[in-house]
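Worksheet: the structure to be examined is printed underneath.
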Amino acid sequence: MSRAIADALAYVRPTFMLPAVGMSAYGALLAPAAAFDPRIVALHAVAVGVALFVAHLRDGLVDGHFREEEDPRLSVAAFRWGIRAGVALGTAFAAALSVAAGPLAGASIAGLLALALLHAPYLDRHPVTVTVDYPAGIALVIVGGYAAQSADPSPGVVAVAALFFGLLAGIKVGIDALDADFDRSIDKRTVPVALGPRRADRVAGVIFGFVTLGTLGVAAAGTVGALGVDAPFVLAAALGPLGCLAATALTGGERTVRLQMGLIYVFAGFLFFGACVGRCAGAALVTRALGAVGIV
31 MSRAIADALA
41 YVRPTFMLPA
51 VGMSAYGALL
61 APAAAFDPRI
71 VALHAVAVGV
81 ALFVAHLRDG
91 LVDGHFREEE
101 DPRLSVAAFR
111 WGIRAGVALG
121 TAFAAALSVA
131 AGPLAGASIA
141 GLLALALLHA
151 PYLDRHPVTV
161 TVDYPAGIAL
171 VIVGGYAAQS
181 ADPSPGVVAV
191 AALFFGLLAG
201 IKVGIDALDA
211 DFDRSIDKRT
221 VPVALGPRRA
231 DRVAGVIFGF
241 VTLGTLGVAA
251 AGTVGALGVD
261 APFVLAAALG
271 PLGCLAATAL
281 TGGERTVRLQ
291 MGLIYVFAGF
301 LFFGACVGRC
311 AGAALVTRAL
321 GAVGIV
């Protein structure tokens, strides 16, 4: 039994799960402080983790038993049991969130479960869908995390989610380039496999260019009052996609991906402060923490 549990836990994969769970909290902290409920934050974050676990089990089943691309840690029956149990648990979380926080919060988990079940063997075989499914999931998590605190997501938060979608899609092209030889050997058609390395870099560059322009557009909308964001912070966030564009053009291989991963945090930080207008929960928590140590 302990061996079976250990084998199942091997599919938790924190590298993919923790950023998604963290983005749930990111969205929640952008919500108005008056509506912030830590219990709902935890409920949504755990539900996101369950959906990611289902995706990893589904990958393990398809890649291990049907495609024979890796050594499976579980039997077909164990994988299927785990997937069914995960879907049932995720559905229960979605229902609980719908009741406690509103239908959009629950729908965000239902959407993640759908992505988890469709990723393998469907979405991971086409250059477009294999590039955008994880970024789409992160965008959904941000909106869902916010909606779990405040039933209707603000246009600013939707803009943040859309910009994250674009940035992560561009970075995904670079990540897939690192695995292009292996992916080609198993007929996995990522953008670098389908187009070759040079054209894949061009695709990534175009994506980063559009995200840069989109970020500048959001900042401009904030300047004229069309969008409730703090324009200087959003303008600074444009350094993220612009830096990713420069890294794609001037570096290569793992160094490019490492630089782009670091720039995600720059992008996320400035965008957070840009969208955290008024009394958002994140600002209130920081103020409270500083007050507790006598700084403010």
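Take any residue in the sequence shown, note its place counting from 1, add 30, and you have its number in our numbering.
Heads up, the beta-carbon is just placed ideally off N, CA and C, and yes, glycines get one too.
If you're wondering where the values come from, they're calculated on a predicted model, not measured in any experiment.
Problem - Start and end residues, alpha helix (DSSP H) containing ALA124 - result: DSSP places ALA124 inside the alpha helix (DSSP H), whose first and last residues are 106 to 131.
Problem - For TYR176 and LEU315, believed in contact at Cβ under 8 Å, the rounded distance - result: Not quite, the Cβ-Cβ distance comes to about 15 Å (not below 8 Å), so this is no contact.
Problem - Candidates PRO271, LEU272, VAL248 and ALA319, of which the one nearest ALA261 by Cα - result: Distance check between ALA261 and each of PRO271, LEU272, VAL248 and ALA319 places VAL248 closest, using alpha-carbon atoms only.
Exercise for the section: Alpha carbon to alpha carbon, how far is ARG88 from ILE113? Give it in angstroms, no decimals. Expected result: Going from the Cα of ILE113 to the Cα of ARG88 covers about 7 Å.
Practice task
Tell me, to the nearest whole angstrom, how far the beta carbon of ALA81 is from that of LEU142; I am working on the premise that it is less than 8 Å.
Solution key: Indeed they touch by this definition, with Cβ atoms about 4 Å apart.
Exercise for the section: Please specify which runs of the alpha helix (DSSP H), each continuous and at least 4 residues long, are wholly inside the stretch 199 to 278, giving them in chain order. Expected result: Correct list: 210 to 215, 221 to 225, 227 to 253 and 261 to 267.
Exercise for the section: Identify, in the order they occur along the chain, each residue of the same chain with its Cβ nearer than 6 Å to the Cβ of LEU104, setting aside the five sequence neighbours on each side. Expected result: Result list for LEU104: ASP37, in chain order.
Problem - Selected residue, minimal CA-CA separation from LYS218, among ALA65, ARG97, ARG229 and ARG43 - result: Cα-wise, what sits closest to LYS218 is ARG97.
Problem - ALA85 and LEU145 closer than 9 Å at C-beta - result: In this structure, the beta-carbon distance from ALA85 to LEU145 falls below 9 Å.
Exercise for the section: May I ask you to list the residues that DSSP assigns as paired with CYS310? Expected result: Bridge partners of CYS310 according to DSSP: PRO62.
Practice task
Can you grab the Cα-Cα spacing for the pair PRO102 / ALA34, in whole Å?
Solution key: Going from the Cα of PRO102 to the Cα of ALA34 covers about 12 Å.
Exercise for the section: Going by CA-CA distance only, name the one from ASP182, THR245, GLY244 and ILE205 that's closest to PRO227. Expected result: Selected option, being the one with the closest Cα: ILE205.
Exercise for the section: Please name the residue, chosen from GLY94, ALA169 and PHE109, that lies closest to VAL78 on a Cα-to-Cα basis. Expected result: Distances from the alpha-carbon of VAL78 to those of GLY94, ALA169 and PHE109 put ALA169 closest.
Handout entry: For TYR152, three-class secondary structure by DSSP
Key = Coil at TYR152, not helix or strand.
Handout entry: Proximal residues to PHE240 (C-beta, below 8 Å), its chain only, five neighbours per side dropped
Key = Once the five neighbours on either side are set aside, the close Cβ partners of PHE240 are GLY196.
Problem - 6 Å Cβ shell around LEU301 - same chain, five flanking residues per side excluded - result: Within the same chain, Cβ atoms closer than 6 Å to the Cβ of LEU301 are found at VAL190 and ALA267, the five residues on either side in sequence being excluded.
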